[in-house]
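Numbering (my numbering), first residue to last: 120 to 650.
Printed below as a string of structure tokens:
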């Protein structure tokens with residue numbers, strides 16, 4: 120079994136994640152197998168020790184920040200475990216949770232999956248995979264260094280979610296170790312709830328009868344709290360659960376044939392209103408759009424400054440002076456004829472929305488697409504650099520980034536809310552993100568502690584307004600610890616109490632992911648009720 124080690128200064132980095140939030144822990148472990156995880160959990164269960172699961176710690180909601188007790192890092196569980204091919208020809212790949220997304224992409228593209236210890240059926244499927252056309256895993260959060268376990272734990276998505284959705288529909292199997300070390304083996308399509316009652320059987324034969332919360336999820340992009348619905352597939356409860364119900368020890372995902380032609384188109388507009396009009400018109404006009412992304416004036420101006428100030432960003436394409444905002448559209452097509460037809464349709468919408476076709480960037484080659492990817496990823500990187508510079512003056516501040524989504528019909532309403540309240544508060548901001556899903560990351564860029572407090576108050580108000588619009592307070596980053604208050608605003612205290620009671624049914628000592636999704640007071644009440 121992996122050692123349970125005392126948490127010393129050697130492990131300082133494991134106190135934080137990309138949210139810049141810092142926690143505390145007493146011990147840490149680095150299991151290398153499912154058996155290790157189960158044995159560690161069984162040992163910690165006797166004492167009721169809190170357990171925070173970590174992967175690459177790239178999350179933005181502090182879900183991996185320890186809340187006392189034990190840190191379990193799954194980064195050394197990074198093997199590919201096997202492959203199968205369905206009757207429909209789909210390839211399914213099983214892996215451990217520590218597999219890094221960028222490595223997965225590389226190994227799929229090169230058909231270089233490590234297969235030590237695979238059984239005969241998996242090796243047969245691997246041979247078919249190697250002979251087939253290129254396969255890919257479509258979920259693409261901006262941070263490609265994320266681990267697959269974390270991606271599943273927060274139901275991550277990314278730019279291509281416009282076409283392919285979040286990670287949830289691509290996950291076909293999970294192994295989940297419960298707080299006492301018992302194991303659930305879940306396969307999509309095998310076990311369903313009866314209304315809001317879900318019966319599960321562990322590997323040891325223990326019967327669990329779970330009462331699912333009764334709230335209705337918003338009909339928009341959503342990673343806010345537990346996934347629940349009448350008659351739901353059991354596997355979906357554990358996807359996006361922020362590490363609060365169990366430890367994911369094995370993941371199976373469905374792969375897809377890679378698109379033969381991928382073109383990227385950056386469209387520039389003189390006003391945000393024109394960009395919104397373009398978005399509304401282009402969504403029904405295109406059948407092969409994989410991503411529809413947005414960059415506002417604040418984001419573009421930061422890139423302009425970075426291009427002039429830093430040699431690391433000198434390769435960024437030069438923006439014209441009258442380009443106020445940008446909408447990027449990625450087309451995933453079967454051939455160039457289809458891509459050309461989509462491009463012409465896009466051009467027609469661009470002209471009708473007041474865009475400048477002559478200023479449009481079209482990336483048809485791999486090199487051109489890499490330049491546009493650099494452009495897209497340079498925005499959050501530049502903002503992080505800006506905030507790090509300001510932190511030298513006031514170390515109490517961090518970037519404040521929203522992650523809210525609304526239904527299609529409320530796109531203009533939510534933009535109006537953001538612009539009005541930012542102006543009233545006098546706060547600097549930069550916004551970018553997945554406008555095709557009505558999901559924009561509005562980032563408040565504080566200069567000092569007063570700005571930081573004002574930004575936090577603004578976000579709380581947005582959570583209430585977005586919830587009233589039928590939206591979600593977290594669309595892709597999960598709730599973690601930072602947005603637990605927003606989740607309460609979205610669903611109300613009664614439904615949050617139901618969620619805590621569900622956790623208590625699976626984790627009767629409240630050990631896993633403490634502080635994630637709901638506060639200590641709510642969890643403690645649920646644990647007492649369950650006794």
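All C-beta atoms in this analysis are idealised placements derived from N, C-alpha and C, irrespective of residue type, glycine included. On a predicted model such as this, the values are computed, not experimentally measured, just so you know.
Mind checking which residues open and close the beta strand (DSSP E) that includes residue i?
{"i": "residue 326", "result": "326–330"}
{"i": "residue 292", "result": "290–296"}
{"i": "residue 387", "result": "380–388"}
{"i": "residue 135", "result": "No beta strand (DSSP E) contains residue 135, which DSSP labels as neither H nor E."}
{"i": "residue 354", "result": "That residue, residue 354, is in no beta strand (DSSP E); its alpha helix (DSSP H) goes 354–357."}
{"i": "residue 213", "result": "210–214"}
{"i": "residue 371", "result": "366–373"}
On the premise that residue j lies in contact with residue i, defined as a C-beta separation below 8 Å, what is that separation, rounded to the nearest angstrom?
{"i": "residue 217", "j": "residue 193", "result": "5 Å"}
{"i": "residue 482", "j": "residue 490", "result": "7 Å"}
{"i": "residue 227", "j": "residue 214", "result": "In fact, because the Cβ distance is near 11 Å, the residues do not count as touching under 8 Å."}
{"i": "residue 558", "j": "residue 400", "result": "That belief does not hold up - the Cβ atoms of residue 558 and residue 400 are roughly 18 Å apart, past 8 Å."}
{"i": "residue 537", "j": "residue 408", "result": "The pair is not a contact, with the Cβ atoms about 24 Å apart (cut-off 8 Å)."}
{"i": "residue 347", "j": "residue 315", "result": "7 Å"}
{"i": "residue 472", "j": "residue 393", "result": "6 Å"}
{"i": "residue 608", "j": "residue 571", "result": "Between residue 571 and residue 608 the Cβ distance is about 20 Å, and since that is not below 8 Å, they are no contact."}
{"i": "residue 334", "j": "residue 610", "result": "5 Å"}
{"i": "residue 159", "j": "residue 152", "result": "In fact, because the Cβ distance is near 11 Å, the residues do not count as touching under 8 Å."}
{"i": "residue 191", "j": "residue 220", "result": "No, residue 191 and residue 220 are not in contact; Cβ-Cβ is about 20 Å, not under 8 Å."}
Please identify the residue among the options whose C-alpha is closest to the C-alpha of residue i.
{"i": "residue 438", "options": "385, 508 and 234", "result": "385"}
{"i": "residue 505", "options": "493, 518, 210 and 273", "result": "518"}
{"i": "residue 639", "options": "615, 484 and 148", "result": "615"}
{"i": "residue 327", "options": "206, 359 and 364", "result": "364"}
{"i": "residue 577", "options": "594, 551, 547 and 598", "result": "547"}
{"i": "residue 526", "options": "338, 174 and 177", "result": "338"}
{"i": "residue 172", "options": "475, 221, 511 and 270", "result": "270"}
{"i": "residue 512", "options": "568, 477, 417 and 281", "result": "568"}
{"i": "residue 564", "options": "318, 537 and 574", "result": "574"}
{"i": "residue 635", "options": "334, 360 and 242", "result": "360"}
{"i": "residue 169", "options": "350, 189 and 644", "result": "189"}
{"i": "residue 366", "options": "301, 213, 590 and 603", "result": "301"}
{"i": "residue 174", "options": "414, 265 and 238", "result": "265"}
{"i": "residue 243", "options": "196, 404 and 211", "result": "211"}
{"i": "residue 432", "options": "478, 421 and 380", "result": "421"}
{"i": "residue 555", "options": "572, 348, 277 and 354", "result": "277"}
{"i": "residue 449", "options": "416, 456, 394 and 378", "result": "378"}
{"i": "residue 592", "options": "570, 571 and 533", "result": "533"}
{"i": "residue 621", "options": "239, 344 and 133", "result": "344"}
{"i": "residue 602", "options": "589, 582, 611 and 619", "result": "582"}
{"i": "residue 186", "options": "642, 209, 144 and 220", "result": "144"}
{"i": "residue 161", "options": "239, 298 and 415", "result": "298"}
{"i": "residue 456", "options": "149, 382, 268 and 478", "result": "382"}
{"i": "residue 204", "options": "231, 508 and 249", "result": "249"}
{"i": "residue 397", "options": "176, 274 and 465", "result": "465"}
State the start and end residues of the unbroken alpha helix (DSSP H) segment that holds residue i.
{"i": "residue 491", "result": "485–510"}
{"i": "residue 518", "result": "Taken as a continuous stretch (DSSP letters only), residue 518 belongs to no alpha helix (DSSP H), as it is neither H nor E."}
{"i": "residue 228", "result": "220–229"}
{"i": "residue 604", "result": "603–610"}
{"i": "residue 159", "result": "153–166"}
{"i": "residue 644", "result": "639–649"}
{"i": "residue 395", "result": "391–404"}
{"i": "residue 172", "result": "Where residue 172 is concerned, there is no enclosing alpha helix (DSSP H), although the beta strand (DSSP E) it sits in stretches over 170–173."}
{"i": "residue 584", "result": "568–587"}
Quick one: is residue i buried, meaning 16 or more other Cβ sit within 10 Å of its Cβ, or exposed?
{"i": "residue 650", "result": "exposed"}
{"i": "residue 630", "result": "buried"}
{"i": "residue 141", "result": "exposed"}
{"i": "residue 561", "result": "buried"}
{"i": "residue 429", "result": "exposed"}
{"i": "residue 535", "result": "exposed"}
{"i": "residue 486", "result": "exposed"}
{"i": "residue 463", "result": "exposed"}
{"i": "residue 182", "result": "buried"}
{"i": "residue 306", "result": "exposed"}
{"i": "residue 369", "result": "buried"}
{"i": "residue 125", "result": "exposed"}
{"i": "residue 403", "result": "exposed"}
{"i": "residue 434", "result": "exposed"}
{"i": "residue 528", "result": "exposed"}
{"i": "residue 521", "result": "buried"}
{"i": "residue 442", "result": "buried"}
{"i": "residue 587", "result": "exposed"}
Shorter than 8 Å from the beta carbon of residue i to some beta carbon of chain C?
{"i": "residue 639", "result": "Among the chains of the structure shown, chain C does not appear; only one protein chain is present."}
Checklist line | Complete runs of the alpha helix (DSSP H) confined to the stretch 413–496 [at least 4 residues] | finding: 416–428 and 455–471
Checklist line | Contiguous alpha helix (DSSP H) assignments of at least 4 residues, all confined to the stretch 232–306 | finding: 239–250, 267–272 and 280–283
Next item on the list: Please specify which runs of the alpha helix (DSSP H), each continuous and at least 4 residues long, are wholly inside the stretch 530–562, giving them in chain order.
Entry: 530–544
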